[in-house]
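Trainee:
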Amino acid sequence: MACRYSLYNAGNVFLFFLFLPLNVYIMKFVQLKNTLIGRFSIFEPYHEMTHFISTRIGGYSRGPYESLNLGYGTDDDADTVTRNRLLLAEDLGIPLDWFVFPRQTHSNHVYRVVEGDRGLGSMDRQTAIPDTDALVTHVRHTCIVVQVADCVPVLLFDPVQRVIAVVHAGWRGTASAIVAETVRAMQHHYGSRPADILAAIGPSIQGCCYQVGEDVYQAFVSWDNTREKIFQYRNHQLLLDLVAANQLLLLNLGVDARNIATTDYCTRCNPGYFFSSRYGKGNTGRFIAGMMLW
């Protein structure tokens, strides 16, 4: 799966070189007062909910974390990360103490956020919800987020039951079907139907760049014949398409293909806009994907 986007910044003008298949929704970039975010067109009609994908543009961090690093779990200065979070929250018009962060472990654990959880992990890593890689809620004024830097962020919205969910899906989480576990949590706790769910799969490392080893291939052994749809060999390298894998998980649960938005922004190919662990050889910041019900 080749990258279909390349981005260049010419002064204050963003140039998009776009080769877009018809079944891919646009993720539009929006310049806020200080920061640049992405938003998916699939969610535009629903004013009761807001969502965003942060970029690395507009913050205070320096070096490999330049500039809007939002992750405490890095070697960046914690006070600077807090300043970055406050800056983004101000731009979004959402108080930082409405945010909820998980402490991600590449698990398939889903946590149901209740009103008393508001603010957990927003100002430090210690209070983040432990051992969790997906959050689901129907509580208003509670911004649930996940952090990424190559892994796949997935945003889920059920406009019928007014339920939102955010998912961090690396190869381990994808192999253990975390996005499917999240949809099941929406069904179990809130009565969501997969046919009503809208999904957006955000910027991540794409199949063009995600070289993996045999151990990763074997981790998907339970996927049987489906495994051949998400792995390919190219120039003697084994490549994994995490976006396609998560699409398949959603489709197999009954989410309508017309309700799944994807983007081909590859984090590895666009390190000026998104943090990428592969590009930074493990030394990089984190951007976040978030959702909130008004």
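Letter 273 of the sequence shown, counting from 1, is numbered 257 in our numbering, and no numbers are missing.
C-beta: ideal position from N, C-alpha, C; glycine also.
Note that the coordinates shown come from a computational prediction; the quantities given were computed from them, not determined experimentally.
Identify, in the order they occur along the chain, each residue of the same chain with its Cβ nearer than 6 angstroms to the Cβ of A73, setting aside the five sequence neighbours on each side.
Mentor: Result list for A73: L80, in chain order.
Trainee: Give the DSSP-derived three-state secondary structure of P5 in the structure shown.
Mentor: Residue confidence is low: P5 scores 41 on pLDDT, short of 50, so the model does not pin down where it sits. Its coordinate-derived value is still stated next. Three-state DSSP puts P5 in coil, outside helix and strand.
Trainee: Between the alpha carbons of S91 and L237, how many angstroms are there, rounded?
Mentor: Distance between the alpha carbons of S91 and L237 is about 20 angstroms.
Trainee: Please work out which residues of its chain come closer than 6 angstroms, Cβ to Cβ, to H122, disregarding the five sequence neighbours upstream and downstream, and give them in chain order.
Mentor: These residues qualify, in order along the chain: R146, V147, Y174.
Trainee: Quick one: is N254 buried, meaning 16 or more other Cβ sit within 10 Å of its Cβ, or exposed?
Mentor: The residue in question, N254, is buried, as its Cβ has 16 or more Cβ neighbours within 10 Å.
Trainee: When the Cα of V84 is compared with those of G100, H93, G77, F24, which residue comes out closest?
Mentor: Considering only alpha carbons, the answer is G100.
Trainee: Suppose the cutoff is 7 angstroms on Cβ atoms and the five residues either side in sequence are ignored; what does the same chain contact list for G57 look like?
Mentor: These residues qualify, in order along the chain: R109.
Trainee: Using 10 angstroms around the beta-carbon of W278, count the other beta-carbons present and answer buried if the total reaches 16, otherwise exposed.
Mentor: So W278 ends up on the exposed side.
Trainee: Express the C-alpha separation of L20 and S160 in angstroms, rounding to a whole number.
Mentor: In a straight line, the C-alpha of S160 is about 32 angstroms away from that of L20.
Trainee: Quick check: the Cα distance between M11 and G186, rounded to an integer number of angstroms?
Mentor: M11 and G186: Cα-Cα distance of roughly 8 angstroms.
Trainee: Our contact map puts A203 next to T166 with C-beta atoms below 8 angstroms; I'd like the distance itself, whole angstroms only.
Mentor: Wrong, their Cβ atoms sit about 19 angstroms apart, outside the cutoff.
Trainee: Based on DSSP bridge pairs, tell me the residues matched to Q195.
Mentor: Answer by DSSP bridge pairing, in chain order: L223.
Trainee: Counting along the chain, where does the alpha helix (DSSP H) carrying Q171 start and finish?
Mentor: Taken as a continuous stretch (DSSP letters only), the alpha helix (DSSP H) holding Q171 covers 162 to 174.
Trainee: CB of A112 to nearest heavy atom of the ligand HEM: below 7 angstroms?
Mentor: As presented, the structure is devoid of all ligands, the ligand HEM included, so that no description of it is given.
Trainee: Buried or exposed: S25, going by 16 or more other Cβ atoms within 10 Å of its Cβ?
Mentor: Counting Cβ neighbours within 10 Å, S25 comes out exposed, since fewer than 16 surround it.
Trainee: Given that a residue counts as buried once 16 or more other Cβ atoms are within 10 Å of its Cβ, and exposed if not, what is G47?
Mentor: The residue is exposed, with fewer than 16 neighbouring Cβ atoms inside 10 Å.
Trainee: Can you list, in chain order, the residues of its chain whose CB lies under 6 angstroms from that of Y95, leaving out five sequence neighbours each side?
Mentor: Same-chain partners within the cutoff: I113, T116, L119.
Trainee: Does DSSP classify P281 as helix, strand or coil?
Mentor: For the chain, the structure presents residues -15 to 278; residue 281 sits outside this window and is missing.
Trainee: Just confirm the distance between the C-beta atoms of R270 and V132, as a whole number of angstroms; I'd bet it's less than 8 angstroms.
Mentor: Right, their Cβ atoms sit about 7 angstroms apart.
Trainee: If you follow the beta strand (DSSP E) that R270 is part of, which residue opens it and which one closes it?
Mentor: No beta strand (DSSP E) contains R270, which DSSP labels as neither H nor E.
Trainee: Within its chain, find whatever has a CB closer than 7 angstroms to the CB of A179; leave out the 5 residues flanking it on each side and keep chain order.
Mentor: So the list reads G238, D240, once near-sequence residues are dropped.
Trainee: Can you say whether H93 is buried or exposed, counting buried as having 16 or more other CB atoms within 10 angstroms of its CB?
Mentor: Buried, because 16 or more other Cβ atoms sit within 10 Å of the Cβ of H93.
Trainee: Give the range of the beta strand (DSSP E) segment to which R218 is assigned.
Mentor: Start and end: 215 to 218.
Trainee: Reducing DSSP to helix, strand and coil, say where H112 ends up.
Mentor: Reading off the sequence, residue 112 comes out as Ala, not His. The answer is coil: DSSP assigns A112 none of H, G, I, E or B.
Trainee: Since G22 is in the beta strand (DSSP E), which residue starts that stretch and which ends it?
Mentor: Per DSSP, G22 belongs to the beta strand (DSSP E) from 20 to 24.
Trainee: Taking DSSP as the reference, what is the three-state secondary structure of T210?
Mentor: Looking at T210 - three-state DSSP - the assignment turns out to be helix.
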